[in-house]
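Visitor: This is the structure I have questions about; it appears just below.
In the working numbering, the protein residues as written are 408 to 560.
Pasting the structure below:
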């Protein structure tokens, strides 16, 4: 059991270091030029309907992130909340949620898909999620910091 725990700690440590390096590199490397084609995408998948106060899974799938590492900032609809501890991905030490602003920040750590659970509001309504991503991408043998919008449901 200690072997698995130590292996997990090493993996989390490596991912933490890479996310810090990603943050540093993105400040040193220029933004994608205006008009340049997007190299990456993040797509959100939601259930078609959720009962009031019901829990549901939000899935985020990325393509094009260099080393499959990137950060996503999601804004949950008014009345909705992130279910603490529900993030499934390799960057669990880089999950933050601010209930006052409903902003959830999650990371991709060497993976294409991550997910988290949210709790719906108490009313029957149409709700809109929004989000952005930041990642390094490779275009024409150059690393670029790319920012974009999460698409999907």
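We put the CB at the ideal spot given by N, CA and C, even for glycine.
Within its chain, find whatever has a CB closer than 8 Å to the CB of residue 561; leave out the 5 residues flanking it on each side and keep chain order.
Guide: With the chain running from 408 to 560 in the structure shown, residue 561 is simply not present.
Visitor: Label residue 547 either buried or exposed according to how many other C-beta atoms from any shown protein chain fall within 10 Å of its C-beta, with 16 as the threshold for buried.
Guide: exposed
Visitor: Whole angstroms is fine: what's the gap from residue 484's alpha carbon to residue 534's?
Guide: For residue 484 and residue 534, the distance between alpha carbons rounds to 6 Å.
Visitor: Taking the alpha carbon of residue 519 as the reference point, which residue from 488, 554, 447 has its own alpha carbon closest?
Guide: 447
Visitor: Check each candidate in 532, 470, 475, 423 and name the one with the smallest Cα separation from residue 456.
Guide: 532
Visitor: Return the residue from the list 424, 454, 445, 450 that minimises the CA-CA distance to residue 527.
Guide: 454
Visitor: Using beta carbons (cut-off 8 Å, strictly below), is residue 502 in contact with chain D?
Guide: The chain inventory of the structure shown lacks chain D, comprising one protein chain alone.
Visitor: Who does residue 451 pair with in a DSSP beta bridge?
Guide: 467, 559
Visitor: Closer than 8 Å is the cut-off here; do at least three beta carbon pairs connect the segment 486-495 with the segment 506-518?
Guide: yes
Visitor: With distance defined between alpha-carbon atoms, name the residue in 490, 537, 492 nearest to residue 449.
Guide: 537
Visitor: Is the Cβ-Cβ distance between residue 502 and residue 479 less than 8 Å?
Guide: no
Visitor: Short check: CB of residue 445 to CB of residue 555, under 8 Å?
Guide: yes
Visitor: Excluding sequence positions up to five away, which residues of its chain have a Cβ less than 8 Å from the Cβ of residue 435?
Guide: With a pLDDT of 48 at residue 435, under the threshold of 50, the modelled position of this residue cannot be trusted; read the value that follows with caution. If we look at residue 435 and ignore the five residues flanking it on each side, it has no Cβ neighbours.
Visitor: Which word fits residue 469, buried or exposed, when buried means at least 16 other C-beta atoms lie within 10 angstroms of its C-beta?
Guide: buried
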